[in-house]
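Asker: Chains X and U, in that order, are what the protein sequence lines are. Residue numbering for the first sequence follows this note's numbering, starting at -14 and increasing by one per position. Residue numbering for the second sequence follows this note's numbering, starting at 764 and increasing by one per position. No residue lacks a Cβ here, since even glycine has one placed at the ideal position from N, Cα and C. Quick one: the structure is below, questions incoming.
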Amino acid sequence: MKVLVAVKRVVDYNVKVRVKADQSGVDIADVKFSMNPFDEIAIEEAVRLKEKGVATEVIAVSMGVAQCQETLRTALAMGADRAIHVQSDAELQPLAVAKLLKAICDKEQPQLVILGKQAIDDDCNQTGQMLAALAGWSQGTFASKVEISGSDISVIREVDGGLQTVALKLPAIVTTDLRLNEPRYATLPNIMKAKKKPLDAVTPEALGVDVTPRLKTLKVTEPPKRKGGIKVKTIGELVDKLKNEARVI
Amino acid sequence: MTLDINRIRETLDHLLYRWLDVERLTRYPRYAEHDRATFDGVIELCARLAAEKFEPGNRLSDIREPAFDGTRVSLPEETAEACRAYNASGMPAAGQDYAHGGMQLPYIVEMAANSFFSAASIGLKAYSMLTVANANLLMAHGSETQKRVFAVPALEGRYFGTMNLSEPQAGSSLSDIATRAVPDGADFAADPLGPRYRLTGTKMWISGGEHELGENIIHLVLAKVPDEAGRLPPGTRGISLFVVPRLLLDASGAPTGERNDIALAGLNHKLGYRGTVNTLLNYGEGRFPLRAPGGTDGAGAIGYRVGDLGAGLKCMFHMMNEARIQVGLGAAMLGYAGYLASLDYARQRPQGRPTAEGATPAKDASQPPIAIVEHPDVKRMLLAQKAYAEGALAFELYCALLVDEQHGDQPARADEARLLLDLLTPVAKSWPSEWCLEGNSLAIQVLGGYGYTRDFPVEQHWRDNRLNMIHEGTHGIHALDLLGRKVLMKDGEALRILFGRIGATAAAAAAVDGLQPLARQLSAAVEIVALATAEAWRSGSARAALTNATGYLRAFGHMVLAWIWLDLAIVSAQALTAAGTAADFHRGKLAAARYFFAYELPLVAAWLAPVRACDSLCRETATDWL
Ligand SMILES: Cc1cc2nc3c(=O)[nH]c(=O)nc-3n(C[C@H](O)[C@H](O)[C@H](O)COP(=O)(O)OP(=O)(O)OC[C@H]3O[C@@H](n4cnc5c(N)ncnc54)[C@H](O)[C@@H]3O)c2cc1C
């Protein structure tokens, strides 16, 4: 069984991004990028499936600028067998990514696609669901446990207020939540081995996908600054402020 | 308050790729399979391991220092977790040949990657540093069997290693060690693990000397083999090297089930580096008597000789230059961690108001307080720390590159690198140990009273860093080495190479707008150091020359660091004319360089005054006057 894993190159979680002066977006020049943490969990899950003998091949896919290949190398060093880079300098929105993944699924015929539940840059939480709709496959999102036997897959999902177990048929889409596993670190020998693993590059055009953005960003602003606190003298004053200034009661 | 790993990473990338162009190393056959992607992969891995597995245990292992109940040493679980993560990463074997499971990683990249661990927790880092030094030494001087049985498991992350030089009565002066090694039985020379001896004696200060973090501990021990009359040979030539496992192993590497006769006499309770257990070990006192494999029963720790009789110190010091780069780098990274912590605090702490523009320093109390980072005196302390820490880091990487250049295919360049590194080693060890410690003190000052508490990390940085002027040869001993030996080597050849390189930097800087005055200042510093070297030795008496060796070490170090800073300034000045978004990054480097030239380099002349005058005060003061 082939497993496809989508990995995204995002601004590192330690970076405090700043909004650009013209409000067109955040400043990402000279900041550090790394693999979306949810996608690390996705790779780890796929590699574990391979180690258990359930998966036969793990393919990592990333879309975007040339440096996405660095992210793919990390995926290969963690244990993916080969990688596909869909090269594009365009802004790739979730629908475009889902279409590209669908095109790759058509070609590679994986039984399982694992994605992060969301990417920590835009927090969309859409791609997995869109891919499931486009492919017409079952989906188990926000997974905290995945079990496969034969053509059945059981996914424990983290939902508001508890856990939900869904039983699905393969082929299926799984998106990962934080508690699914603790991703491994790439080791030095595996970093060297990753160099020799195949990494193919394709373009959206070659896959027949139009990636033109459908959504327009009007402007990006900083969250409002927190105001300094004050001391109230009486409970009455507090109630008054909550009612009339903060308008929360 | 967490360590800003990304800031360190940014500076490292700048130094490795923009300043030193380490990618060119991939032209050497040894490194041909590498490229920037593999270098970055290792650096990224170590940055994460340091942040996720080392930093969380740093304060904890400081507060819960190692304890000994008479039988076992207990360490926090976080110590074990950090060591496990490091050992599983493949880092212990990073520099080894592919054939030995290594990665043939250039030394400079290995050092850069390791630097994160020192910044995150130098006390937890020490276990792996010692283990790797131990295994590298065995790989260089051990027999094939010794490599396989003792070193390879350490490189695989299963065993830990120690270095046993010091004794209670012999620290700086190793010629006075008294640990004895006696041939064990008539067939002692026939043991497949190497000539077998019984060791008795006491080793002091042994870091990592006893714990249960791994499957075994491999001790490397210096000892003397007595002559027929039972006398220990005098001097360092009588010292031999022995490999002494905590748990005995057979020739296949399997444990025999016996514990070697090494007893933990007690732990040392230290100012800093408390994450590292430090021990007093009694070899052969009979606590764990052994059935002798072929010789005498009973007391005596079994050890196997490594290398020839009397060649112990030579083997031990073979990789000393590299070990000392690591000490210097550790000191630099503690300085860096203190700089980042105090910078972060200074940006957030409101206190005081700006000094008024007018003739009186009256302040407008109706204005809100400003962040302390705005005060010129706080900026001074931050600039000083930046100049010390980033300068030291750059210098240590330069030294590490000299190690790699010895693997190059041009013999002349390799020889030059070897000689230059020999000269620079006492500075590489001592300069960061002294000045990044001063930086750590300034970090405490920036935080004021808060810096003096355990609620902030800067007091621990200072305590941890205080060790570095003491171990691996004290400050004073390195000063003697520099002025007494290194600058004289090959008739001053090493010194000429250094002056040549400094001259080239000064010449390049003279062509860069704004850097001309610094170039002149550096040339003047070189002149005065050259003069002082000759003047110190003018009487031809070592005793006279070396009386003020420590002042010389200081001045020499500042000259070297001024050179490094000027070279860095050239790179940043050029980057600024190309103008990018990282302008602040490069302006910061230029400000640190200017700070160093304006506030630090002028001290060189003052430090050299007693050296040049061969001032005899410190020699001739009678001990009774003190
Ligand atoms: C935390 C810690 C960890 C250590 N880990 C290890 C380890 O793992 N293995 C190991 O073998 N050792 C270890 N050491 C020992 C360390 O290397 C010694 O402490 C060091 O070499 C100094 O020896 P000493 O303490 O006996 O001081 P001494 O040699 O007694 O020196 C005391 C002072 O006298 C000065 N002095 C001595 N001789 C001269 C001279 N000829 N001329 C001028 N000045 C002189 C010194 O510079 C110093 O200032 C460790 C020490 C510490 C504190």
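Along the chain, where does the alpha helix (DSSP H) containing Ser236(X) start, and where does it finish?
Answerer: Only positions -14 to 234 of chain X appear in the structure, and residue 236(X) is not among them; the question remains open.
Asker: Any beta carbon from chain U within less than 7 Å of Asp7(X)'s own beta carbon?
Answerer: Answer no: the Cβ-Cβ gap between Asp7(X) and chain U never drops below 7 Å.
Asker: Can you tell me which of the three DSSP states Asn821(U) falls into?
Answerer: If DSSP states are grouped into helix, strand and coil, Asn821(U) belongs with the helices.
Asker: Going along chain U, which residues have a C-beta under 8 Å from Tyr170(X)?
Answerer: Ordered by position in chain U, the residues that pass the 8 Å Cβ test against Tyr170(X) are Leu808, Arg811, Leu812, Ala848, Ala851, Ser852.
Asker: If you draw a straight line from the C-alpha of Trp122(X) to the C-alpha of Gly135(X), how long is it?
Answerer: Taking the straight line from one Cα to the other gives about 17 Å.
Asker: Considering Cα atoms alone, identify which of Lys888(U), Ala883(U), Tyr870(U), Leu956(U) is closest to Asn850(U).
Answerer: Comparing Cα-Cα distances from Asn850(U) to each of Lys888(U), Ala883(U), Tyr870(U), Leu956(U), the minimum goes to Lys888(U).
Asker: Which chain U residues are close to Val0(X), counting only those with a beta carbon under 9 Å from its beta carbon?
Answerer: Chain U residues near Val0(X): Asn769.
Asker: Do you know whose CA, among Lys1033(U), Thr963(U), Arg943(U), lies nearest Leu1072(U)'s CA?
Answerer: Looking at the Cα atoms, Arg943(U) is the closest of the given residues.
Asker: At 3 residues or longer, and completely inside the segment 979 to 1012 of chain U: list those beta strand (DSSP E) runs for me, N to C.
Answerer: Taking only runs of at least 3 residues, the beta strand (DSSP E) segments lying wholly in the segment 979 to 1012 of chain U are 979 to 987, 1002 to 1008, 1010 to 1012.
Asker: For Val720(U), report the span of its alpha helix (DSSP H) as first-last.
Answerer: The first residue shown for chain U is 764 and the last is 1389, placing residue 720(U) beyond what the model contains.
Asker: Looking at Trp968(U) and ligand 1, is the gap between the Cβ and the nearest heavy atom below 6 Å?
Answerer: Yes, the beta carbon of Trp968(U) sits closer than 6 Å to at least one heavy atom of ligand 1.
Asker: Straight-line CA distance for Ala1288(U) to Leu1258(U)?
Answerer: Taking the straight line joining both Cα atoms gives about 14 Å.
Asker: Just the C-alpha distance for Leu139(X) and Gln96(X), rounded to the nearest angstrom, thanks.
Answerer: Looking at the sequence shown, residue 139(X) is not Leu but Ser. Taking the straight line joining both Cα atoms gives about 14 Å.
Asker: Tell me the start and end of each unbroken alpha helix (DSSP H) in the segment 1193 to 1246 of chain U that is at least 4 residues and wholly inside, in chain order.
Answerer: Taking only runs of at least 4 residues, the alpha helix (DSSP H) segments lying wholly in the segment 1193 to 1246 of chain U are 1221 to 1228.
Asker: Can you tell me whether Leu1366(U) is buried or exposed, with buried defined as 16 or more other CB within 10 angstroms of its CB?
Answerer: That one is exposed.
Asker: Does Lys17(X) have its Cβ less than 7 Å from a Cβ in chain U?
Answerer: True, the Cβ-Cβ gap to chain U drops below 7 Å.
Asker: Assess, as a yes-or-no matter, whether the segment 1354 to 1363 of chain U is touched by the segment 1314 to 1333 of chain U under the definition of 3 or more beta carbon pairs within less than 8 Å.
Answerer: Touching, per the Cβ criterion.
Asker: His1032(U): buried (16+ other C-beta within 10 angstroms of its C-beta) or exposed?
Answerer: Classification of His1032(U): exposed, given that the 10 Å Cβ count is below 16.
Asker: If you run the structure through DSSP and keep just helix, strand and coil, what is Gly1026(U)?
Answerer: A small correction: the amino acid at residue 1026(U) is Ala; Gly does not occupy that position in the sequence shown. Correct three-state label for Ala1026(U): strand.
Asker: Just the C-alpha distance for Asn927(U) and Leu985(U), rounded to the nearest angstrom, thanks.
Answerer: Their Cα atoms are separated by approximately 6 Å.
Asker: So for Asp797(U), helix, strand or coil by DSSP?
Answerer: Sequence check: residue 797(U) is His here, not Asp. Looking at His797(U) - three-state DSSP - the assignment turns out to be coil, as it is neither helix nor strand.
Asker: Quick one: is Pro183(X) near chain U, going by C-beta distance under 7 Å?
Answerer: Judged by the 7 Å Cβ criterion, Pro183(X) is not in contact with chain U.
Asker: Please go through the same chain and pick out, in chain order, the residues whose beta-carbon is closer than 6 Å to the beta-carbon of Gly1091(U), but skip the five residues on each side of it.
Answerer: Taken in chain order, the residues that qualify are Glu1159, Ala1191, Lys1192, Pro1195.
Asker: According to the neighbour-count rule (16 or more other Cβ atoms, all chains shown, within 10 Å of its Cβ), is Gly886(U) buried or exposed?
Answerer: By the neighbour-count rule (16 or more Cβ atoms within 10 Å), Gly886(U) is buried.
Asker: Using DSSP with H/G/I as helix, E/B as strand and the rest coil, what is Phe1051(U)?
Answerer: If DSSP states are grouped into helix, strand and coil, Phe1051(U) belongs with coil.
Asker: So what does Pro829(U) bridge to, in DSSP terms?
Answerer: According to DSSP, which records beta bridges pairwise, Pro829(U) is partnered with nothing at all.
Asker: Is the CB of Met1144(U) under 7 Å away from at least one CB in chain X?
Answerer: It does not: the Cβ of Met1144(U) has no partner Cβ on chain X nearer than 7 Å.
Asker: Restricting to Cα atoms, I'd like to know which of Ile1327(U), Glu796(U), Ala1180(U), Ala1297(U) is closest to Ala179(X).
Answerer: Of Ile1327(U), Glu796(U), Ala1180(U), Ala1297(U), the residue nearest in Cα terms is Glu796(U).
Asker: For Gly1098(U), count neighbouring C-beta atoms within 10 Å of its own C-beta (all shown protein chains included) and say buried if the count is 16 or more, exposed if not.
Answerer: Label assigned to Gly1098(U): buried.
Asker: Could you check what DSSP says for Asn927(U) in three-state terms: helix, strand or coil?
Answerer: Strand.
Asker: Any heavy atom of ligand 1 closer than 6 Å to the Cβ of His1234(U)?
Answerer: His1234(U) Cβ: within cutoff of ligand 1.
Asker: On a CA-only basis, which of Tyr1213(U), Ala1155(U), Ile1065(U) is nearest Ala1104(U)? Give me that one, please.
Answerer: Nearest C-alpha to Ala1104(U): Tyr1213(U).
Asker: Check whether the Cβ of Asn769(U) sits closer than 6 Å to any heavy atom of ligand 1, and report yes or no.
Answerer: Not so, every heavy atom of ligand 1 lies at least 6 Å from the Cβ.
Asker: If we cut at 7 Å on Cβ distances, does Met1096(U) have a partner in chain X?
Answerer: So no, Met1096(U) is outside the interface.
Asker: Helix or strand or just coil, what does DSSP make of Arg772(U)?
Answerer: Helix.
Asker: Which residues of chain X have a Cβ atom closer than 7 Å to the Cβ of Thr801(U), listed in chain order?
Answerer: Ordered by position in chain X, the residues that pass the 7 Å Cβ test against Thr801(U) are Ile176, Met177, Lys180.
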